[in-house]
Amino acid sequence: MTANTLTVAVLGAGTMGSGIAVTAARGGHRTIVRDVDDESVRRGLDNATSFLRKSASLGKLTEQQAEAAIANLSGTTELGDLAGADVVVEAVYEDLELKRELFGRLDDVVARDTLLHTNTSTLSVTAIASGSRYPDRVVGTHYCNPAQLMKLVEVAEGRHTSPEATKRSMAFLDSVGKTTVVTKDRPGFILNRFLIPWENNCIRALEAGAGTVESIDKAVVGALRHPMGPFTLLDVVGLDVHKAVAMRLYEQLREPRFAPPPLVDRMIAAGDLGRKTGRGFYTYDSTKSFGA
Amino acid sequence: MTVFSRVAVLGFGTMGGGIAQVVAGSGRDVVVLETERHRLDAGFAAVRRFLDDGVSRGKTTEAERDAVLGRLTGTTDVADLATVDLVIEAVTERMDVKADLLGRVAEVVRDETVLATNTSALSVTDLAARVSGPERVAGLHFFNPAPVMAVVEVVRALQTDASVAADLVSFTEDLGKAPVEVKDRPGFLVNRLLMPYLNDVVREFDDDLASAEDIDVAIRLGLGHRLGPLELLDLIGIDVHTHATESAYEATLDPQYAPPPLLRQMVAAGYLGTKSGRGFRVGTTEEGHSR
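Those sequence lines, one after another, are chains A and C.
Per the numbering used here, the first sequence runs over residues 1431 to 1722.
Per the numbering used here, the second sequence runs over residues 5 to 295.
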């Protein structure tokens, strides 16, 4: 490891948080996972640890590398334990007030030059940064799910982010093997900005009888060579998640193309959320989601 | 029973050549119509290059290549199409040109010969209305490159006879492609979905959301697409996409299809993508600015 060893704190031990923790720990950094209760912290660390062990058994990492990464991981429920962090990556629930409040409390805990990263996918980096007294150190770093496998991170500066903070953030992301793209603090950044209207259009085409679930998926995979058709992808993402993301973009952009079409509401009402419930646009024998 | 054993392809450009190769590859005899001898020569050379490349990469054999080429003939005389069972039109995307040519072909071929158009931008119903025997007209929309892409849209015009559509579905399957039956709506299915997405990307790129390269990298890595949207536009041809989305906009007045101003400017400047050496990614720095 040639890069400096940093102390990285990850707020939130859910799917994204534990994936980011794996990324940081595997990149050689001391990594502290923080969530509000012991049970959540334990589950997040367990998921991270079992992913790293599995990576070793699949030959993606050596036993030594996996054990070193696991040794880099620790957990806490106390914000005060993050005092020595060089980078804090916030990956809590997508709630603006919660994120702002956390960054405000962190101001009293961490050093002045500690970087505050938000993994928000749909909220404004500027709005989240306004929770800190030092918004110059807040940077949007949007990881893709599953964060421990996907190389891409979208980097977005808030209105008050300093170029220095962005530069250090890019260096950190580089040290953990991520490929960064630079985008603006605009709703949905690059990926969701283009993905959400695309998927909504596919749903509307289905509603309009332009094709069936199967024929639209087949046409998109066959003609555009996407890895998954739109309905297969929506089932993986979850209809409830799609709706939440689409609504947040719609509320900010006020363009109807971002609003989830009525079929999404009907499917959610019926409990057909996708793979995780065994039924969405398709039906599934197993509810095990990919990456789990 | 073989569906459509003798096939004519009108036009030996990129699409016509790809389609002729695919149909000949299924064991059928194909006659290709062009306006001039040198265009036929260029078309044959392109098909040969594609097949040679396939041989060198182990995708096909020399014997198969020679068999495919042996089943292709070229002509500049419409009268030579008299005996075909199916005509696939793949000439320039202009209604007057297509209607005029199909009208002349219709006079030569049998009344029951199926007339298919590979248009992606025009209404098949409009075209059928200009040809005698509109019930035998349908769309057969191949994607570029035709020998590679697994899907073909079978487009039913308002006038298309159900048995004609069914035969084209069987024919498509026999070519080893997956048919997707679609109504004659602007963009059919795939382009109806693709065009608003590409327009969206062009608009946001013009509004400085990110560099052209970063947009492509994000889509490739984040969504697993083989090509980012801006490199895809360079390949499609910025003029081709602009024309298609203009047609869809005229037909629907749906603002999603309205071509963003940057597209028209690039066409005006001659920045057409790969084929002109300058587009969103081709011939630019990584930021998408001119070099």
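Cβ coordinates follow ideal geometry from the N, Cα and C atoms, glycine included.
Computed from a predicted model, the values in this text were never measured in an experiment.
- Cβ-Cβ distances below 6 Å link C:Val51 to Gly21 and Gln25 in the same chain, with the five nearest sequence neighbours on each side left out; the list follows chain order.
- Per DSSP, the continuous alpha helix (DSSP H) segment holding C:Phe209 begins and ends at Val194 to Asp210.
- As DSSP reads the structure, A:Tyr1573 sits in a beta bridge with A:Val1583.
- Look at C:Val51 here: in three-state DSSP terms it is helix.
- Taking 8 Å as the threshold, the shortest C-beta distance from A:Val1569 to chain C does not fall below it.
- A:Arg1696 has no beta-bridge partner at all, per DSSP.
- Here DSSP, grouped into helix, strand and coil, assigns A:Lys1490 to coil.
- Taking the Cα positions, C:Gly287 is about 16 Å away from C:Gly232.
- Using a Cβ-Cβ cut-off of 8 Å, C:Asp258 does not count as an interface residue toward chain A, since no Cβ of chain A sits closer than that to its own.
- DSSP, read as helix, strand or coil, puts A:Leu1669 in helix.
- At least one beta carbon of chain C lies nearer than 8 Å to the beta carbon of A:Arg1616.
- DSSP, reduced to helix, strand and coil, places C:Leu44 within a helical segment of the structure shown.
- Between the C-alpha atoms of A:Leu1603 and C:Arg69 there is a straight-line separation of about 49 Å.
- Contact note: A:Lys1581 reaches chain C through Leu225, using a C-beta cutoff of 7 Å and chain order.
- Going by DSSP, A:Thr1610 is part of the beta strand (DSSP E) stretching over Thr1609 to Thr1613.
- Around the beta carbon of C:Tyr201, 16 or more other beta carbons sit within 10 angstroms, so the residue counts as buried.
- The alpha-carbon of C:Phe48 is positioned some 22 Å away from that of C:Thr278.
- In the three-state scheme derived from DSSP, where H, G and I count as helix and E and B as strand, C:Ala154 is classed as coil.
- Taken through DSSP and simplified to helix, strand or coil, C:Glu111 comes out as helix.
- Collapsing the DSSP output to three states places C:Ala142 in a strand.
- Rounded to whole angstroms, the gap between the alpha carbons of A:Thr1506 and A:Asn1434 is 23 Å.
- The segment 1658-1665 of chain A makes no contact with the segment 1591-1600 of chain A: fewer than 3 CB pairs, one atom from each, lie closer than 8 Å.
- A:Arg1542 places its beta carbon 8 Å or farther from that of A:Gly1561.
- Here A:Ile1620 carries a coil assignment [DSSP, helix/strand/coil].
- Looking from the CA of C:Val82, the closest CA among C:Glu111, C:Leu55, C:Arg43 and C:Thr176 belongs to C:Glu111.
- Under the Cβ criterion (8 Å, minimum of three pairs), the segment 181-201 of chain C counts as touching the segment 1621-1641 of chain A.
- Following the DSSP letters along the chain, one finds C:Gly78 in no alpha helix (DSSP H) but inside the beta strand (DSSP E) bounded by residues Leu76 to Thr79.
- Secondary structure of A:Arg1687 (DSSP, three-state): helix.
- The beta-carbon of C:Lys102 is placed no less than 8 Å from the nearest beta-carbon of chain A.
- Its chain contains Thr1552, Ile1626 and Leu1679 as the residues whose beta carbon lies nearer than 7 Å to that of A:Gly1618, once the 5 sequence neighbours on both sides are disregarded; these appear in chain order.
- Looking at C:Lys63, C:Arg140, C:Asp188 and C:Val206, the one whose alpha-carbon comes closest to that of A:Ile1620 is C:Val206.
- Contacts with chain C (Cβ-Cβ distance below 9 Å) from the segment 1633-1665 of chain A involve Ala1635, Ala1638, Gly1639, Ala1640, Gly1641, Ser1645, Ile1646, Lys1648, Ala1649, Val1650, Val1651, Gly1652, Ala1653, Leu1654, Arg1655, His1656, Pro1657, Met1658, Pro1660 and Leu1663, listed in chain order.
- For A:Val1452, the nearest beta carbon of chain C is not closer than 8 Å to its own beta carbon.
- Boundaries of the beta strand (DSSP E) around C:Pro183: Ala182 to Lys187.
- The segment 6-20 of chain C makes no contact with the segment 1685-1698 of chain A: fewer than 3 CB pairs, one atom from each, lie closer than 8 Å.
- Secondary structure at A:Glu1520: strand, using DSSP grouped into helix, strand and coil.
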